[in-house]
Amino acid sequence: MKDLFPKQHVMGFGFSLLLTLVALAVVKFDMSLNMAFAVLLVTALAQATVQLLLFMHIGESEDKKTLYTTILYSVFVGVVTIIGTLFTMIWGYN
């Protein structure tokens, strides 16, 4: 039964919640724009790394082409998501 427990998924979920709380600190502590941007950027990149390593099973494939394709696609999706979020939440706010 111990082998069936999704340990990596639970760890990833915990890290995701922690990073979300850190990102919420931007609102709670009313940080400056530069500091808020830095905190959000770091937490977004860390969140993308957690998703890649713990949820996408990046180490399960022996095929290097599949591994690199998954990494490149994940980085693309992460960058598009981060830029899109920043565009709508910061630069698009009037």
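Under UniProt numbering, the first residue of the sequence shown carries the number 1, and numbering increases by one thereafter. Yeah, the Cβ is synthetic: ideal placement off N, Cα and C, and Gly gets one too.
- Taking C-beta atoms as the reference points, alanine 44 and glycine 84 fail to come closer than 9 angstroms.
- Residue range 64-86 is occupied by the alpha helix (DSSP H) that includes leucine 72.
- Distance from the CA of proline 6 to the CA of valine 27, rounded to the nearest whole angstrom, comes to 33 angstroms.
- Note on geometry: alpha-carbon atoms of valine 50 and phenylalanine 15 lie some 7 angstroms from one another.
- Look at phenylalanine 13 here: in three-state DSSP terms it is helix.
- Residue environment for glutamine 8: exposed (fewer than 16 other C-beta atoms within 10 angstroms of its C-beta).
- By the neighbour-count definition (other C-beta atoms within 10 Å, threshold 16), leucine 40 is a buried residue.
- Sorting Leu52, Val22 and Thr88 by C-alpha distance to the C-alpha of tyrosine 73 places Leu52 at the top.
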